[in-house]
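In C-alpha cells:
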C-alpha cells in the first residue's frame, strides 16, 4: 500500500493526541508514515508513533526547522512528497497546520482540503462549510491530496507498526528563512485539557451574565475533566479570555461531548462546535437557535441546572 504522510504535532518531545488520530485515520487509507519535524525526537516518541501504526518515521530533527515560521515544515514535506510519492498527506487542522497545508499545496502543485471532519476511501473528505451551514463531501482533483483534519474527528486506536526510522535532511531556501523566531514564551498549562483537543468541552455564553459567574461553568468542567470554552459575546464582554472563544473567529472544536450553557447559538458560534459528537444545551429560552442542533436540551435557568448537574456528577464519582 502507498504511504500516507502524517505530520507529527509535538510539544517538548511529547506526541499530541491529534497525531494519534491522524495515524489511525491514515491506516484506513494506506501505510502510515510519520514525519517528525524539529528537535525532541526520542525512543519514547518512536514507541508512541509505532504503537499507533507508524510503519515508517521520517526524522528531521535539525534545530533550524523550528527556528523559522512555518515555512521549513512545508519544505520538509515537499521534499518527502517529491522523493517518496505518497498517496496523500495528513496534517492537523490547527492554525499552523492549515498554513503548512496551504504552502505545501503551492509547492507541490496539489489540491488541499482543510477542516475535514471525516475522510474515506479515495481521500473523499467530509466538511462543514459556509459557517457550518452546509455539509459537503469533496476530493482533491490535482496532485497529491493534502488534507487538514480537525482534532477529535477520529478516535485514536492503537495498532502496532514497524516504526522504522529514516533520517531526513532538508536544505532550507532563503524564502523559508525570511521570518526567524527570536523568542518563545511558554504558556502556563493549567489542570484542564487543551481546548481544541479535549474530549469534553463545557462552554458559557451571554446567559452566564458576568465573569464571576463563569465559576459555575468551570466547576462543571472540572467535575467532568473537561476544557472550558466561551462564546464570542462572553469573551468580547471581558468575562473570559479570548483564547477560549469557540466559533468562526475563535477556535473550532469537535469533542465527544459539548455542553453549551447560556449560549443562544448564533451561526458564528455554531460554526465552531456543531461537529461535536453529542451536544447538550442548557438555556431558558426554548426558542434559542442552538436547540436546532442539540442532541439533548434542558429548558431552564443555568444557575439552577448547572449546579445540580455538577452535584450529580460528583455523587457518582
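In the numbering used here, the protein residues as written are 101 to 417. Think of the CB as a built atom: it goes at the ideal place given N, C-alpha and C, for glycine as much as any other residue.
Taking residue 402 as reference, the option from 274, 380, 392 with the minimal CA-CA separation is 380.
Distance check between residue 105 and each of 144, 247, 348, 116 places 247 closest, using alpha-carbon atoms only. Under the DSSP assignment, residue 194 falls outside any beta strand (DSSP E); it carries neither an H nor an E label. When the alpha-carbon of residue 268 is set against those of 162, 378, 383, 101, the nearest one is in 162. Residue pairing by DSSP places residue 136 opposite 159 in a beta bridge. Annotation: residue 301 to residue 355 spans about 7 angstroms, alpha carbon to alpha carbon. Given a length threshold of 4 residues, the region 232-261 has no whole run of the alpha helix (DSSP H) inside it.
Judged by DSSP secondary structure, residue 283 falls outside any alpha helix (DSSP H); it is assigned neither H nor E. Judged by beta-carbon spacing, residue 240 lies beyond the 8 angstroms limit of residue 192, meaning their Cβ atoms are not closer than that value. Taking the C-beta atoms as reference points, residue 296 is found nearer than 8 angstroms to residue 251.
Membership of residue 375 in any alpha helix (DSSP H) is not indicated, and neither H nor E is assigned to it by DSSP. Listed in chain order, the non-local C-beta contacts of residue 277 below 7 angstroms within the same chain comprise 168, local neighbours out to five positions each way being set aside. Contact annotation: residue 203 and residue 234 have beta-carbon atoms that are not nearer than 8 angstroms.
Between residue 176 and residue 165, the gap from beta carbon to beta carbon is short of 8 angstroms. DSSP lists 380 as the bridge partner or partners of residue 396. Annotation for residue 385: no alpha helix (DSSP H) segment contains it, and DSSP assigns it neither H nor E. A check of alpha carbon separations from residue 113 across 180, 145, 305, 292 identifies 145 as the nearest.
The Cβ neighbour count for residue 351, taken over all protein chains shown within 10 Å, is at least 16; the residue is labelled buried.
Proximity to residue 348 across 370, 360, 336, 329 peaks at 370, based on C-alpha coordinates.
Under a 10 Å Cβ-count criterion, residue 215 is classified as buried, with 16 or more other Cβ atoms of the shown protein chains found around its own Cβ. For the region 308-363, the full-length beta strand (DSSP E) segments reaching 3 residues or more read 327-330, 357-361 along the chain. For residue 405, the three-state secondary structure derived from DSSP is helix. Beta bridge pairing from DSSP links residue 216 with 227, 249. The continuous beta strand (DSSP E) containing residue 302 extends over residues 300-304.
Taking a C-beta distance under 8 angstroms as the contact criterion, residue 187 and residue 157 do not qualify as a contact pair. If you compare the alpha carbons of 315, 326, 303 with that of residue 294, the shortest gap goes to 326.
Shortest Cα-Cα distance from residue 125 to any of 330, 317, 253 involves 253.
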